[in-house]
Amino acid sequence: MPESEEIAQLLSGSYIHYFHCLRILDLLKGTEASTKNIFGRYSSQRMKDWQEIIALYEKDNTYL
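With the working numbering as the guide, the letters of the sequence shown map in order to residues 1 to 64.
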């Protein structure tokens, strides 16, 4: 993970919910902006992992 104090604080908790994941993804978008490919998708594995976690939350409206 990038050296971000806010990300470290969010991950230090024992329970990470949907809104924590969204905040982490938002913070990573700033640090991983240079890792986009020509199709506009992120090539960073970190971004792919967090996007997949959020997609799993949203799959069956679990985030509601």
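Every residue, glycine too, gets a C-beta built ideally from N, C-alpha and C.
Start and end of the alpha helix (DSSP H) containing residue i?
i, result
"Ala33", "Per DSSP, Ala33 belongs to no alpha helix (DSSP H) and is neither H nor E."
"Ile16", "Premise fails: Ile16 is in no alpha helix (DSSP H) and is neither H nor E."
Can you tell me whether DSSP reads residue i as helix, strand or coil?
i, result
"Tyr73", "This structure does not reach residue 73, given that the chain is present from 1 up to 64, and the question cannot be answered."
"Tyr63", "coil"
What's the C-alpha gap between residue i and residue j?
i, j, result
"Asp49", "Lys29", "13 angstroms"
"Phe19", "Gln45", "20 angstroms"
"Tyr42", "Thr35", "6 angstroms"
"Lys65", "His17", "With the chain running from 1 to 64 in the structure shown, residue 65 is simply not present."
"Ile38", "Ile53", "24 angstroms"
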